[in-house]
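Numbering (UniProt numbering), first residue to last: 1 to 403. All C-beta atoms, glycine included, are put in the ideal place defined by N, C-alpha and C. Bear in mind that the values here come from a model prediction, so they are computed numbers and not experimental data. Here's the structure, in structure tokens; my notes come after.
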Amino acid sequence: MREIVLINITGEDRPGLTAAITGVLAKCGVNILDIGQAVIHETLSFGILVEIPAPGNASALFKDLLFAAHQLNQQVRFTPVSEVEYLQWVGGQGRPRYIVTLMARQVTAGQLERVSSSIARHGLEIERIDRLSGRPPLDAPPARSKACIEFSVRGEPADPEALREELLLTAQELNVDIGFQRDSLYRRNRRLAVFDMDSTLIEAEVIDELAKAAGIGDKVAAITERAMRGELDFRASFKERLALLKGLPETVLADIGASLRLTEGAEVLFAELKRLGYKTAILSGGFTYFARQIQQKLGIDYVFANELQIVDGLVTGVAVEPIVDGQRKADLLRQLAQQEGLSLEQTIAVGDGANDLPMLGLAGLGVAFRAKPLVRRSARQAITNLGLDGILYLIGHRDRDSQ
Numbered sequence: 001m002r003e004i005v006l007i008n009i010t011g012e013d014r015p016g017l018t019a020a021i022t023g024v025l026a027k028c029g030v031n032i033l034d035i036g037q038a039v040i041h042e043t044l045s046f047g048i049l050v051e052i053p054a055p056g057n058a059s060a061l062f063k064d065l066l067f068a069a070h071q072l073n074q075q076v077r078f079t080p081v082s083e084v085e086y087l088q089w090v091g092g093q094g095r096p097r098y099i100v101t102l103m104a105r106q107v108t109a110g111q112l113e114r115v116s117s118s119i120a121r122h123g124l125e126i127e128r129i130d131r132l133s134g135r136p137p138l139d140a141p142p143a144r145s146k147a148c149i150e151f152s153v154r155g156e157p158a159d160p161e162a163l164r165e166e167l168l169l170t171a172q173e174l175n176v177d178i179g180f181q182r183d184s185l186y187r188r189n190r191r192l193a194v195f196d197m198d199s200t201l202i203e204a205e206v207i208d209e210l211a212k213a214a215g216i217g218d219k220v221a222a223i224t225e226r227a228m229r230g231e232l233d234f235r236a237s238f239k240e241r242l243a244l245l246k247g248l249p250e251t252v253l254a255d256i257g258a259s260l261r262l263t264e265g266a267e268v269l270f271a272e273l274k275r276l277g278y279k280t281a282i283l284s285g286g287f288t289y290f291a292r293q294i295q296q297k298l299g300i301d302y303v304f305a306n307e308l309q310i311v312d313g314l315v316t317g318v319a320v321e322p323i324v325d326g327q328r329k330a331d332l333l334r335q336l337a338q339q340e341g342l343s344l345e346q347t348i349a350v351g352d353g354a355n356d357l358p359m360l361g362l363a364g365l366g367v368a369f370r371a372k373p374l375v376r377r378s379a380r381q382a383i384t385n386l387g388l389d390g391i392l393y394l395i396g397h398r399d400r401d402s403q
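This is how it looks when you write it as structure tokens:
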């Protein structure tokens with residue numbers, strides 16, 4: 001007759017504590033069925049589920065553990081677990097698991113309450129909660145601070161789409177970002193990341209900047225906005241906007257290129273992706289001239305964008321085929337994945353406009369970044385409040401992994 005017991009130990013963390021406790025357990029020949037440990041602000045929470053082969057040894061084991069815990073200034077609690085309860089717990093390990101990622105400039109109790117309530121309301125059980133962001137300094141500027149809490153949850157929501165809609169609404173109401181994705185083998189093993197450029201890698205729409213230089217900024221910007229919202233066909237609107245730039249001097253390009261600013265978090269993200277062995281690409285409906293500059297700054301492997309035709313020092317206003325539109329981006333993503341010997345599940349795609357939706361839907365992880373409302377609703381993941389480096393949290397990366 002065996003005995004199963006859950007042992008919980010709490011107190012101030014100290015070196016050698018785990019070795020001391022497991023040393024006591026080893027003397028009684030117990031089997032470890034489960035074990036977990038967490039330390040929050042130097043306070044330890046240590047749990048061990050053990051099987052005691054000979055129940056007669058339990059009293060001596062508990063006595064020795066109580067003595068060891070006293071010497072280590074720890075509190076210890078014993079909870080018997082029946083075989084039926086244990087078998088139910090074992091049976092639950094085959095249930096689906098999901099990851100809910102809460103990202104904000106600063107995490108509050110109210111945010112955690114809303115997210116955890118949604119998880120419970122849809123029949124999921126929180127199995128683990130981890131902080132992926134670094135330890136926050138109290139005086140960090142709110143505009144540049146970042147925080148991330150990851151929930152590992154178990155179960156299958158009755159209506160996954162309803163849960164996703166609820167989390168999206170919560171994110172909008174609380175000005176946070178909330179990711180919801182299945183916890184799969186691919187989550188931490190993706191190896192290709194592709195990005196839109198304008199309003200994603202850089203804080204501008206280059207074609208709008210060119211139009212400003214040509215004195216038609218408002219007219220072109222209005223067309224761009226409608227195209228990015230999905231109200232206009234991208235190919236047609238691109239040709240229309242490009243035609244309006246006919247006669248623009250080539251000398252303007254250098255000034256605009258020099259003024260382009262990288263989006264918050266871009267340098268951190270690409271440095272880490274490179275360290276992790278990712279291949280990266282720009283798939284842009286913008287122009288190769290500017291994409292090459294961003295490629296050099298960030299160390300990007302591939303660039304696919306539109307050619308800005310120039311004759312006799314002037315922009316011709318003629319679109320050069322093939323135009324990189326939404327379908328072309330999806331085709332290029334598929335092509336690059338095949339070229340790198342990867343499945344599409346191993347890819348990440350990031351963009352902000354309606355013309356990015358095909359590649360966002362095709363990639364294993366599609367992220368709408370500071371996107372138009374239509375794109376945020378349609379993409380599986382969205383980041384609006386943090387910088388591009390928030391994408392690292394969606395693949396389970398911790399800030400300390402970069403240090």
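Taking 8 Å as the cut-off, the beta carbon of Gly326 is found no closer than this to the beta carbon of Leu344. For Gly353, the closest C-alpha among the options Ala211, Arg154, Leu112 and Met197 is that of Met197. Of the residues assessed, Val30 falls on the buried side of the cut-off, its CB having 16 or more other CB atoms within 10 angstroms. Restricting attention to alpha helix (DSSP H) runs no shorter than 4 residues, the segment 345-385 encloses them at 357-362 and 373-378, ordered along the chain. By the neighbour-count definition (other C-beta atoms within 10 Å, threshold 16), His70 is an exposed residue.
Around the Cβ of Arg377, a 10 Å sphere holds fewer than 16 other Cβ atoms; the residue is exposed.
One alpha carbon belongs to Asp356, the other to Asn8, and they sit about 50 Å apart. Scanning its chain for C-beta atoms nearer than 8 Å, with the 5 sequence neighbours on each side dropped, one finds around Pro142 the residues Arg105 and Gln106, in chain order. If you ignore the 5 residues before and after Ala171, its C-beta comes within less than 7 Å of the C-beta of Asp177 and Ile178, all in its own chain and listed in chain order. Using a 10 angstroms sphere on the CB of Asn175, the tally of other CB atoms stays under 16, which defines it as exposed. Distance from the CA atom of Lys63 to the CA atom of Thr79, rounded to whole angstroms, is 15 Å.
The residues Arg97, Tyr98, Ile99 and Ser152, in chain order, have a CB closer than 7 Å to that of Asp183 in the same chain once the five nearest residues on each side in sequence are set aside. CA-CA distance, Ile126 to Ala368, rounds to 26 Å. Excluding five sequence positions before and after Gly247, the CB atoms of its chain that fall closer than 6 Å to its own CB belong to Leu314, given in chain order.
The continuous beta strand (DSSP E) containing Leu33 extends over residues Asn31 to Ile40. The beta-bridge partner set that DSSP reports for Gln74 consists of Gly11. Cβ contact annotation for Arg235 (same chain, cutoff 7 Å, sequence separation greater than five): Ile323 and Asp325, in chain order. Looking at the DSSP output, Ala147 shares a beta bridge with Ala104. Non-local beta-carbon contacts of Gly277 in its own chain, meaning distances under 7 Å to residues more than five positions away in sequence, involve Arg191 in chain order.
When only Cα atoms are considered, Gln309 and Tyr393 end up about 40 Å apart. In terms of Cβ geometry, Glu205 and Ile256 do not form a close pair [threshold 8 Å]. Under the three-state reduction of DSSP output, Asn306 falls in the strand class. Taking the CA atoms as reference points, Leu6 sits about 28 Å from Arg121. For Leu168, the uninterrupted alpha helix (DSSP H) segment begins and ends at Pro160 to Leu174.
Secondary structure at Asp196: coil, using DSSP grouped into helix, strand and coil. The segment 155-166 makes contact with the segment 81-96, as at least three CB pairs between them are under 8 Å. The closest CA to that of Tyr86, considering only Glu3, Arg261 and Glu250, is found on Glu3. In the structure shown, Ala60 adopts helical secondary structure according to DSSP, grouped into three states. In the three-state reduction of the DSSP assignment, Gly317 falls in the strand class. With contacts defined by Cβ atoms closer than 8 Å, Leu336 and Val194 form a contacting pair. For Lys279, the uninterrupted beta strand (DSSP E) run begins and ends at Lys279 to Phe287, by DSSP.
Taking one beta carbon from each stretch, the segment 16-28 and the segment 44-53 have 3 or more pairs nearer than 8 Å; the two touch. Contact annotation, Ile223 with Glu250: C-beta distance approximately 23 Å; criterion of less than 8 Å not satisfied. Between the alpha carbons of Asn57 and Gly396 lies a distance of about 42 Å. Taking the C-beta atoms as reference points, Leu132 is found nearer than 8 Å to Cys148. Sorting Pro53, Leu242, Glu42 and Ala254 by C-alpha distance to the C-alpha of Gln74 places Glu42 at the top.
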